[in-house]
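Scroll down for the structure; my scribbles are underneath it.
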Amino acid sequence: MDIQVVYNTPHEIPLGVPIAVYFYLTGLSAGSFVISVIAVLGGRKEYKPLGRIGAIVAPVALIVAPAFLIVDLEQPMRFWHLFVFMNPQSPITYGSFLLTLYPINGIIYAWFLFRGEQALAKILGLLGIPLAICTHGYTGFILALGKGRALWSTALMPTLFIVSAMVSGMGLMIVLATLRWKYFSKGRPPEALAQDRQLILGLGKILGGCVLFDLFLIGNDILVLLTSKTEELAVAHLILTGRFAPLFVGVEIFLGGIIPALLVFLPVTSRRVRYCFLASCLTLVGILAMRIVVVIAGQSIPLH
Amino acid sequence: MKKDTRWAMVIDLRKCVGCHSCSVACKAENDVPPSVFRSWVKIIEKGKYPNVSKSFLPSLCNNCENPICVRNCPVGASYKREDGIVLVDPHRCIGCKYCMASCPYDVRHINPIRKIVQKCYFCHHRVDAGLLPACVETCIGRARVFGDMNDPNSDVAKLLATEPVIVLKPEMATEPRVFYIGADIDAMEPMEGHTEE
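As you go down the protein sequences, you meet chains F and X in turn. Start counting the first sequence at 63; every next residue gets the next number (my numbering). Start counting the second sequence at 29; every next residue gets the next number (my numbering).
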């Protein structure tokens, strides 16, 4: 049947790129914090630098991230309402406390780590892991509870966000560890450098595993969308073949998923640090694309 | 006002002529700035000549019984009154827009001047004064009927009891309090009339 919408007044989409960047930064922070703590708890000496890189990146990313949130408010000066007028049913209420506690914990953790007080650092690190996971998991809940939007309203969303956080956090750690290995290693003994190299390549393998798990979750999500209701179908077509296909299929899936996985697992490239570095840079771009696709494409289906 | 009042609106599309008076009345009554709407009439055309028709869908906030915007508002600025009207406290809203992102009906907007989220409140200031909402008062076809759906003698309750009614997106479990008689499924379905992007 020929149907034409003659007149309608759709509203501007409420959440834009700043929110996607905010999700990206909390993901980076949570991922690198978890890896830092694993490195510190693992206790092996060669992991130490990793622990320190993560301990710096995590709080820095999480101090910048809420700035995007506050700037995005229509009434930025009223941000304190979040701590005074709480609605226990809203995921943003939990988020405002997590976004306060988690960076404070992260800063104290980094402080003890750099002072060399390993025991205290380990305790704070262990406390911080659930905080980090909740801080990023809650952002998944924000979207999952937005029930009007077909792309968001899935129970998979918090898990997908946590896994993609691990991917981007790990990617950033590899990038920084490689830069340190390449440019800040004057005067270090060659065996230490060889150890660092092995460490970077080993991290690359874990990154590859996380990327594959991420792709698996996205695949599940898309398959269910494709057999679901009208709006779910529409949004699946929008990201697979429509306006968002270059960003979703091209950047997120192909550049940020399949190619990095191949680079770290194919025997031809898997023994070279430069390919591991390239794979990590690509995942960083891929996860940023994922955040933008989820936030913007999720709101691009008309609701009336 | 009785204790168990539940304000509701029935829009009888057999009487709607698509004149947009409701949209205009709403703008004037509620000081709604340019670029945003709290009440509007979606219009679709369908069919091929000579078998063609036009359908209207007057739209406004459903003032849901189970509003997701109230549930998700982090500061409790969105709230439901005892009589079912969903309001936004203008002094408490921080403009995070999460309610707008959650609403399945896209009926909320940012007021570009006051920088807070606003929506249709069933003209609660008029209702509290014993008047009808502006869009109901002005409707030339008398397509809009407003009243207490819990009062069996009200026109709204009578229409709900005797006519086949439907709400928008019942699957969202929001229990809208705006009911339609004779609404066209093609006008109610948001994806209809949109070419594949």
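We put the beta carbon where it would ideally sit given N, CA and C, even for glycine.
Residues near F/Leu18 in its chain [Cβ-Cβ closer than 6 angstroms; skip 5 each side]: Since the first residue of chain F shown is 63 and the last is 366, residue 18 of chain F is not available in this structure.
F/Tyr245 classed as buried or exposed, judged by whether at least 16 other C-beta atoms fall within 10 angstroms: exposed
Beta bridge counterpart(s) of X/Trp68 as assigned by DSSP: X/Ser87
Interface partners of F/Arg140 on chain X, CB under 7 angstroms: Ile122
Boundaries (first-last residue) of the alpha helix (DSSP H) holding F/Arg250: Segment: none, F/Arg250 is in no alpha helix (DSSP H) and carries neither H nor E.
X/Lys43 - DSSP class collapsed to helix/strand/coil: coil
Rounded distance between the beta-carbons of X/Pro86 and X/Cys50, thought under 8 angstroms: 6 angstroms
Check: F/Val347 C-beta below 8 angstroms from any heavy atom of the ligand HEM: As far as ligands go, the structure on display features none, and thus does not contain the ligand HEM.
Helix, strand or coil at X/Glu225 [DSSP, three-state]: Caution is warranted here: a pLDDT of 44 is assigned to X/Glu225, below 50, making its placement in the model unreliable, and the coordinate value is therefore given only provisionally. Residue state, collapsed to three classes: coil.
Where X/Asp176 falls: helix, strand or coil (DSSP): strand
For F/Ser230, the three-state DSSP class (helix, strand or coil): helix
Cα-Cα separation between X/Glu225 and X/Ala189, rounded to whole angstroms: With a pLDDT of only 44 at X/Glu225, under the threshold of 50, the placement of this residue in the model should not be trusted; the figure read from the coordinates follows. Taking the straight line joining both Cα atoms gives about 41 angstroms.
Three-state secondary structure (DSSP) of F/Arg334: coil
N-terminal and C-terminal residue of the alpha helix (DSSP H) that F/Val96 is part of: Val79 to Gly104
CB contact below 9 angstroms: F/Val79 versus chain X: no
Residue nearest to X/Leu41 in terms of C-alpha spacing, selected from X/Val195, X/Glu199 and X/Pro218: X/Val195
Within 8 angstroms of chain X by C-beta, residues of the stretch 194-210 of chain F in sequence order: Ile204, Leu207, Gly208, Lys209 and Gly210
Proximal chain X residues relative to F/Val68, where beta-carbon distance stays under 9 angstroms: Lys70, Ile71, Ile72, Glu73, Lys82 and Gly221
Close-in-space but distant-in-sequence residues of the same chain around X/Asn221 (CB under 6 angstroms, 5 per side omitted): It should be noted that the sequence gives Gly, not Asn, for residue 221 of chain X. Result list for X/Gly221: Ile72, in chain order.
Assumed close pair F/Asp64, X/Gly75 - CB separation to whole angstroms, cut-off 8 angstroms: 6 angstroms
Min CB distance F/Val146 to chain X below 9 angstroms: yes
Residues within the stretch 288-313 of chain F neighbouring chain C, beta-carbon criterion of under 9 angstroms: The structure shown contains no chain C; its protein chains are F and X.
Residue closest to F/Ala227, alpha-carbon to alpha-carbon, out of F/Leu163, F/Ala120, F/Glu74 and F/Leu317: F/Ala120
Residues bridged to F/Val67 [DSSP beta-bridge criterion]: X/Ile72
Beta-carbon gap between F/Val311 and F/Leu302 smaller than 9 angstroms: yes
C-beta neighbour in chain X for F/Ile363, strict 9 angstroms: yes
Outcome for F/Met352 when other beta-carbon atoms lying within 10 angstroms are tallied against a minimum of 16: buried
Backbone secondary structure at X/Phe207 - three-state DSSP: strand
Assigned exposure category for X/Asn79 - 16 Cβ within 10 Å defines buried: exposed
Cβ pair X/Ser115, X/Lys108 closer than 9 angstroms: Per the sequence shown, residue 115 of chain X should be read as Leu rather than Ser. In contact: X/Leu115 and X/Lys108 (Cβ atoms closer than 9 angstroms).
Three-state secondary structure assigned by DSSP to F/Gln361: coil
Chain-ordered neighbours of X/Cys101 on chain F, where CB pairs are closer than 7 angstroms: Asn149 and Ser152
F/Pro329 versus F/Tyr109, F/Gln66 and F/Gly266, residue with shortest Cα-Cα distance: F/Gly266
Residues of the stretch 86-110 of chain X with Cβ closer than 7 angstroms to any Cβ of chain F, in chain order: Ser87, Ile96, Arg99, Asn100, Cys101, Pro102, Val103 and Gly104
9 angstroms Cβ cutoff, F/Met63 in contact with chain X: yes
Minimum Cβ-Cβ distance from X/Ser49 to chain F less than 9 angstroms: no
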